Amino acid sequence: MKNLIFEATKYTPEINLDAKGIISLVGKSYPENTFEFYKPMIKWLEEYFEVNEFGTTTINMEIIYFNSSSSKLFFDFFDLLEENCEKHTITVNWIYDGENVSAQEAGEDFIEDFESLKIKLVEK
Amino acid sequence: MIIHENRLIHEIEILQESFAKTTTKLIKDVKRQDKIMARSDKRQQQEYDELQRKFAEVEALQKEIEDTQKEVVFTMGAIGESRSKETGNHVKRVAEYSKIFALHYGLEEKEAEMLKQASPMHDIGKIAIPDAILNKPGRFNENERKIMDTHAQLGYDMLNVSDRPILKMAAIVAYEHHEKWNGTGYPNQRKGEEIHIYGRITALADVFDALGSSRIYKEAWSDERIFKIFKEERGEHFDPKLIDIFFDNLDEFLSVRDNLRDVTD
Chain V
1 MKNLIFEATK YTPEINLDAK GIISLVGKSY PENTFEFYKP MIKWLEEYFE VNEFGTTTIN
61 MEIIYFNSSS SKLFFDFFDL LEENCEKHTI TVNWIYDGEN VSAQEAGEDF IEDFESLKIK
121 LVEK
Chain U
1 MIIHENRLIH EIEILQESFA KTTTKLIKDV KRQDKIMARS DKRQQQEYDE LQRKFAEVEA
61 LQKEIEDTQK EVVFTMGAIG ESRSKETGNH VKRVAEYSKI FALHYGLEEK EAEMLKQASP
121 MHDIGKIAIP DAILNKPGRF NENERKIMDT HAQLGYDMLN VSDRPILKMA AIVAYEHHEK
181 WNGTGYPNQR KGEEIHIYGR ITALADVFDA LGSSRIYKEA WSDERIFKIF KEERGEHFDP
241 KLIDIFFDNL DEFLSVRDNL RDVTD
């Protein structure tokens, strides 16, 4: 399976989808059409979990700013992770700056909503 | 009697289960959506507060910069004047007269205000004139006069190195405030509208104030005498349009003079 990389833009984060099991999203997320933007990523992940039913994956998310549709998308993204986390070992590192209260709260929300998913809050 | 359970019931039960699943998911989705909205509202509020704070900060900084600039520019003008035997509120009056001329001439408020701030720097070049010449009590000889007259070019050279619009404007003022409408001024003997309007305005504002002020070496001229010479010099020393503006709006000029009268007068 091919790796997929998106360079960061003014409105979108850098996304690095490494088939070896490391996935990272770093930057800001407030694109005009959020779902359109993340479609290739979601498609890649669905395929990834199909191919790698068992395995270990670490997801590093360091999103310093995001709009509400990105927030919705991250919930969907975590849904997808949760669906696969029984067989596949998944660790999510939600990385945030100590001064960025919004980012911290978002991380806490994800932990609350996805009980079976291993989400770690990592303060920079 | 055996009653066979209606097959429909089974189907309905399947439906019921699926319906329960769907509604549970719907409820979860709606809750999630509400959460996102609430978070989003909270975030927007914080962001907007922050934005307003930042804007206020930028505005305060901008004001600080503008005030500092005004002060520096005014001080530079005062330094120039301190070396040209002018005293008291001369700089302030010339500034105000210049703005009145500019507005009646048809310049925009912003440009007129800038000229008000720039015009006091017209004599800044005098800081480079040797004291022996500058403070000479009697009349200048030809050589001294030549040196004295270089203050226009000197002022221009000092100010024109800046990219700041106000200093660029001041450079023009310094350069051309001794040019005369009929081409007999200095340093370039420019004529008529070849002389920038900033130069023409400051020339008239400066002379009006200098004539009307008393100095150690001279009495203040009477208004009649000033008005007479202005009429004679209309189209000669001075831009005729500006002389007309002066007489048409005399009250405005005189009220500035009254308000900014020198204490020693």
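Those sequence lines, one after another, are chains V and U.
So the first sequence is numbered by my numbering: it starts at 1 and just counts up by one.
So the second sequence is numbered by my numbering: it starts at 1 and just counts up by one.
Every residue gets a Cβ at the ideal spot worked out from N, C-alpha and C, and that includes glycine.
From a predicted model like this one, the values you see are computed outputs, not experimental measurements.
Mind listing the chain V neighbours of Ile36/U? Cutoff is C-beta to C-beta under 9 Å, in chain order. Counting from 1 along the second sequence, the entry for residue 36/U is found at position 36. Residues of chain V passing the Cβ test: Ser68, Ser69, Ser71, Lys72, Phe75, Asp109.
Could you tell me the alpha carbon to alpha carbon distance between Leu73/V and Ser18/U, rounded to whole angstroms? Reading the first sequence from its first residue, position 73 is the one you call residue 73/V. Reading the second sequence from its first residue, position 18 is the one you call residue 18/U. Computed Cα separation, rounded: 25 Å.
What residues in its chain sit with their C-beta under 6 Å from that of Glu108/V, if we drop five residues either side in the sequence? On the first sequence, position 108 is the one that residue 108/V refers to. So the list is empty, once near-sequence residues are dropped.
Measuring only between beta-carbons, confirm whether Ser98/U sits less than 7 Å from chain V. Numbered from 1 along the second sequence, position 98 holds the residue referred to as residue 98/U. Cβ-Cβ to chain V under 7 Å: no for Ser98/U.
Classify Pro13/V as buried or exposed, calling it buried when 16 or more other Cβ atoms lie within 10 Å of its own Cβ. Sequence index remark: in the first sequence, residue 13/V carries index 13 (1-based). Taking a 10 Å sphere around the C-beta of Pro13/V, we find 16 or more other C-beta atoms and assign the residue as buried.
Run through chain V and tell me which residues come within less than 9 Å of Ser40/U, C-beta to C-beta. Within the second sequence, residue 40/U is the residue found at index 40, counting from 1. Within chain V, the residues near Ser40/U are Asn67, Ser68, Ser71.
When the cut-off is 7 Å and only beta carbons count, does Arg32/U lie next to chain V? As a first step, residue 32/U is located in the second sequence; it is residue number 32 there, counting from the start. Yes, Arg32/U lies at the interface with chain V (some Cβ there is under 7 Å from its Cβ).
So is Arg53/U in contact with chain V if we call contact Cβ pairs under 7 Å? The residue labelled residue 53/U in the question sits at position 53 within the second sequence. The C-beta of Arg53/U comes no closer than 7 Å to any C-beta of chain V.
Rounded C-alpha distance that separates Ile64/V from Ser29/V: Residue numbering aside, residue 64/V sits at position 64 when the first sequence is read from its first letter. Residue numbering aside, residue 29/V sits at position 29 when the first sequence is read from its first letter. Cα-Cα distance, rounded: 8 Å.
Would you mind telling me which residues of chain V sit closer than 8 Å to Arg190/U, beta carbon to beta carbon, in chain order? Numbered from 1 along the second sequence, position 190 holds the residue referred to as residue 190/U. Taking a Cβ-Cβ threshold of 8 Å, none of the residues of chain V is close to Arg190/U; the smallest such distance is about 51 Å.
Can you name the residues of chain V whose CB is closer than 7 Å to the CB of Arg43/U? The count along the second sequence starts at 1 and reaches residue 43/U at position 43. Residues of chain V with a Cβ closer than 7 Å to the Cβ of Arg43/U are, in chain order, Ser102.
Residue range of the unbroken beta strand (DSSP E) whose run includes Leu4/V: Along the first sequence, one-based indexing puts residue 4/V at 4. Where Leu4/V is concerned, the enclosing beta strand (DSSP E) stretches over 4 to 6.
Using 8 Å as the threshold, is the region 140 to 153 of chain U in touch with the region 110 to 120 of chain U, meaning 3 or more CB pairs across them? Flag = no, the region 140 to 153 of chain U and the region 110 to 120 of chain U do not touch.
Range covered by the beta strand (DSSP E) that runs through Trp94/V: For this step, residue 94/V is matched to residue 94 along the first sequence. 88 to 96 is the extent of the beta strand (DSSP E) around Trp94/V.
Select from the region 5 to 19 of chain V all residues with a C-beta closer than 7 Å to any C-beta belonging to chain U, and list them in chain order. The residues in question: there are none.
Assign Gln117/U to one of two classes, buried (16 or more other C-beta atoms within 10 Å of its C-beta) or exposed (fewer than that). Looking up residue 117/U in the second sequence gives position 117. When all chains shown are included, Gln117/U counts as buried.
Based on Cα-Cα distance, which residue from Leu25/V, Gly21/V, Ala19/V, Lys20/V lies nearest to Glu7/V? As a first step, residue 7/V is located in the first sequence; it is residue number 7 there, counting from the start. Out of Leu25/V, Gly21/V, Ala19/V, Lys20/V, Leu25/V has the C-alpha closest to the C-alpha of Glu7/V.
Span of the beta strand (DSSP E) around Glu62/V: For the purposes of this step, residue 62/V is taken as the residue at position 62 of the first sequence. It spans 55 to 66 - the beta strand (DSSP E) in which Glu62/V sits, taken as one unbroken run.
Where the beta strand (DSSP E) through Asp18/V begins and ends: By 1-based counting over the first sequence, the position of residue 18/V is 18. Run containing Asp18/V: 14 to 18, per the beta strand (DSSP E) assignment.
N- and C-terminal bounds of the beta strand (DSSP E) containing Gly27/V: Taking the first sequence and counting its residues from 1, one reaches residue 27/V at position 27. The continuous beta strand (DSSP E) containing Gly27/V extends over residues 22 to 29.
Answer yes or no: do Ile22/V and Thr56/V have a C-beta to C-beta separation smaller than 7 Å? Along the first sequence, read from residue 1 onward, the residue named residue 22/V stands at position 22. Along the first sequence, read from residue 1 onward, the residue named residue 56/V stands at position 56. Not closer than 7 Å, so no.
Please go through the same chain and pick out, in chain order, the residues whose beta-carbon is closer than 8 Å to the beta-carbon of Val256/U, but skip the five residues on each side of it. Translated into the one-based positions of the second sequence, residue 256/U becomes position 256. Contacts found: Arg93, Glu96, Tyr97, Ile100.
With a threshold of 6 Å on Cβ separation, who are the neighbours of Gly155/U within its own chain once the five nearest residues in sequence on each side are excluded? As a first step, residue 155/U is located in the second sequence; it is residue number 155 there, counting from the start. Answer for Gly155/U: Ile124, Gly125, Ala174, listed in chain order.
Nearest-angstrom beta carbon gap, Val58/U and Gly77/U [assumed within contact, 8 Å]: Within the second sequence, residue 77/U is the residue found at index 77, counting from 1. Within the second sequence, residue 58/U is the residue found at index 58, counting from 1. The C-beta distance from Gly77/U to Val58/U rounds to 28 Å, too long to fall under 8 Å, and the pair is not in contact.
Under the three-state reduction of DSSP, which class applies to Leu51/U: helix, strand or coil? In the second sequence, residue 51/U corresponds to position 51, counting from 1. Leu51/U falls in the helix class under three-state DSSP.
Residue closest to Ser35/V, alpha-carbon to alpha-carbon, out of Leu121/V, Glu115/V, Ile119/V, Phe77/V: Along the first sequence, read from residue 1 onward, the residue named residue 35/V stands at position 35. Correcting the residue type first, residue 35/V is Phe in the shown sequence and not Ser. The residue with the shortest Cα to Cα distance from Phe35/V is Phe77/V.
Using the beta-carbon count (16 or more within 10 Å), is Ala56/U buried or exposed? As a position in the second sequence, residue 56/U is number 56, starting the count at 1. With a 10 Å radius around the Cβ and a threshold of 16 neighbouring Cβ atoms, Ala56/U comes out exposed.
Since Met1/V and Glu47/V are thought to touch, with beta carbons under 8 Å apart, how far apart are those beta carbons, to the nearest angstrom? Translated into the one-based positions of the first sequence, residue 1/V becomes position 1. Translated into the one-based positions of the first sequence, residue 47/V becomes position 47. Their Cβ separation, rounded to whole angstroms, is 7 Å, which keeps Met1/V and Glu47/V in contact under 8 Å.
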